[in-house]
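The numbering of the sequence shown is our numbering, which starts it at 1 and goes up by one.
The beta-carbon is built from N, C-alpha and C at its ideal position, and this holds for glycine as well.
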Amino acid sequence: MNINDILKNIIEDKYNEIRSSKDNEGIFSKIDYFEGNAIGQIGEEFVKAIFKEENIAMDNKQKVIHDEYDILSNGIKIEIKTARKGLKNNSFQFNGINPAYNNDYIIVIGLTHQNAYYLIIKDKISYNHKKRRYFLKVNEKERQLVAMNPGNSVNYKLTLQLSDLKSIDNFVKELKENLL
1 MNINDILKNI
11 IEDKYNEIRS
21 SKDNEGIFSK
31 IDYFEGNAIG
41 QIGEEFVKAI
51 FKEENIAMDN
61 KQKVIHDEYD
71 ILSNGIKIEI
81 KTARKGLKNN
91 SFQFNGINPA
101 YNNDYIIVIG
111 LTHQNAYYLI
121 IKDKISYNHK
131 KRRYFLKVNE
141 KERQLVAMNP
151 GNSVNYKLTL
161 QLSDLKSIDN
171 FVKELKENLL
């Protein structure tokens, strides 16, 4: 067998495995066609659109900010992280969290094919010197931030379960309670 045929067959098998495990009927099922950066931009644009729609102050009006925060609202720094649900489990991996950044809040947006979820986290990243690990308090529990790549001491990821997140239905109300 040709070496390209071997690789092609492996790719086809993986494609069919993934495709068969997906529910392509949901209102958000098109998220499967976007790579990670695009999903992040969708979440950021969504939260900014909510700010605009609800007349919540936004000090920075640029479309995309490449800084330590995505939204500045009355001096409050907000980072937005967006992820889609994993294929085989009910978890979301929120990438690119930098412990050196001084955000007030991290808003996570989790997308499934059928629903959107969120969590507004007061950014309290701590470093445990004994364990040599960063932690973020989520729902009153310390959650470990894991380096995205071995030796990478800048970007970390936070993995949350679907049960950790809230239905997007109460997002606007909670956003206003935290920011106004």
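Any idea what DSSP makes of residue i, helix, strand or coil?
i	result
S91	strand
L160	strand
I121	strand
I97	strand
A38	helix
A49	helix
L72	strand
Start and end of the beta strand (DSSP E) containing residue i?
i	result
N128	125–128
L136	133–138
V146	141–147
E79	76–84
Name the residue from the options whose alpha carbon lies nearest to the alpha carbon of residue i.
i	options	result
N89	L119, L162, K8, Y117	L162
N139	L145, D164, E45	D164
F171	D59, N74, I107, I10	I107
S167	Y101, Y15, G110, N74	G110
V146	F94, E35, I78	F94
S91	L160, K48, H129	L160
S153	P99, D169, Y118, E35	P99
Y105	Q114, I121, K48	I121
R143	N60, N149, G151, Y134	Y134
I125	E35, L136, L119	L136
D123	T112, Y101, Q114, H113	Y101
N74	D59, K85, K130	D59
L87	N149, K173, E17	E17
N180	E54, F28, L158	Residue identity differs from the one stated: residue 180 is Leu in this sequence, not Asn. If we check each option's Cα against that of L180, E54 comes out closest.
Exposed or buried, which one is residue i when buried takes at least 16 other CB atoms within 10 Å?
i	result
Y127	exposed
N103	buried
A116	buried
I3	exposed
R132	exposed
Y69	buried
L175	buried
R84	buried
K191	Because the chain spans 1 through 180 in this model, residue 191 falls outside it and cannot be assessed.
I71	buried
Looking at the unbroken alpha helix (DSSP H) that takes in residue i, where does it start and where does it end?
i	result
K173	171–179
I106	No alpha helix (DSSP H) holds I106; the beta strand (DSSP E) holding it covers 105–111.
I27	Per DSSP, I27 belongs to no alpha helix (DSSP H) and is neither H nor E.
Check whether the Cβ of residue i lies closer than 7 angstroms to any heavy atom of the ligand FMN, and answer yes or no.
i	result
E17	Among the components of this structure there are no ligands whatsoever, and the ligand FMN is therefore not found.
The segment 33–46 touching the segment 76–86, judged by at least three CB pairs closer than 8 angstroms = Touching, per the Cβ criterion.
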